[in-house]
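**Student:** The structure is given below, and queries will be raised subsequently.
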Ligand code: ZN
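In the numbering used here, the protein residues as written are 4 to 243.
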């Protein structure tokens, strides 16, 4: 059983009745629900809780952290960001969703601006599977189609992913690297694009499949921490 914490800024749900109607239990609630039915041990955490719900205890007990944020990236405490960063380097998985591309934690892990083009025009998104053998693509067809989504377009200012699993095409003509896998320290990071708050994207079965797959893929491998620094020789070294 994988221990998952679904973190959401949870602000749109309070301010925008449309979002509240689509996600009455919050985006975190909707994601937690299908991850729970997949058999995971799921908790949620939100921005306005003390320490954003991400206490040391919670983080130490988390195998995979899911991150959704948009309006309030700047309100996330740097100290918490540093703790999440360290946990990723130590092996915790991190799944960054949609507008989380601009979160402090994602930018810190990428080291680039993570900027992109965007447009809200109720347009069709077709997410093509570029790497069908990648575990995040398990059980999908050739592509996922979303009737209406926000557009994100290239150029997306990220380092070249270690694995590029999805690329999105939008009705208005742009394309976007929408499923990007990275190794950071002992941890794995996955960015998955769809999930604008005014669309019911997280109820889409294929989107749920990707998120469930990503949680399994991102779970810590359990390998030993590498040893660094000055090292004694394993064999006697011949005197030369
Ligand atoms: Zn959005």
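Beta carbons are placed, not taken as given, at the ideal position from N, Cα and C, and that holds for glycine.
No experiment lies behind these values; they were computed from the predicted model shown.
Select from 176, 151, 140 the residue whose C-alpha is nearest the C-alpha of residue 184.
**Tutor:** 140
**Student:** Below 6 Å CB to CB, which residues in the same chain sit around residue 147 once its five sequence neighbours on both sides are set aside?
**Tutor:** 130, 209
**Student:** For the ligand ZN, is there any heavy atom lying closer than 8 Å to the beta carbon of residue 128?
**Tutor:** no
**Student:** If you draw a straight line from the alpha carbon of residue 122 to that of residue 112, how long is it in whole angstroms?
**Tutor:** Residue 122 and residue 112: Cα-Cα distance of roughly 25 Å.
**Student:** Which residues have their C-beta within less than 5 Å of a heavy atom of the ligand ZN, listed in chain order?
**Tutor:** 102, 153, 199
**Student:** CB-CB under 8 Å to residue 249, same chain, minus the five flanking residues each way: which ones, in chain order?
**Tutor:** What is shown of the chain runs 4 to 243, which leaves residue 249 out entirely.
**Student:** Report the start-end ranges of each beta strand (DSSP E) in the stretch 104 to 166 that is 3 residues or longer and not cut off at the edges.
**Tutor:** 120 to 132, 146 to 156
**Student:** In terms of DSSP beta bridges, what is residue 191 paired with?
**Tutor:** 186
**Student:** With 16 as the cutoff for other CB atoms within 10 Å, does residue 231 come out buried or exposed?
**Tutor:** exposed
**Student:** When you compare the CB positions of residue 114 and residue 190, do they come within less than 9 Å of one another, or not?
**Tutor:** no
**Student:** One question on the structure: do residue 187 and residue 92 come within less than 9 Å of each other, judged by their Cβ atoms?
**Tutor:** yes
**Student:** Nearest to residue 126 by alpha carbon, out of 132, 182, 12, 199?
**Tutor:** 199
**Student:** By alpha-carbon positions, which one of 144, 142, 176 ends up nearest to residue 153?
**Tutor:** Nearest C-alpha to residue 153 among 144, 142, 176: 176.
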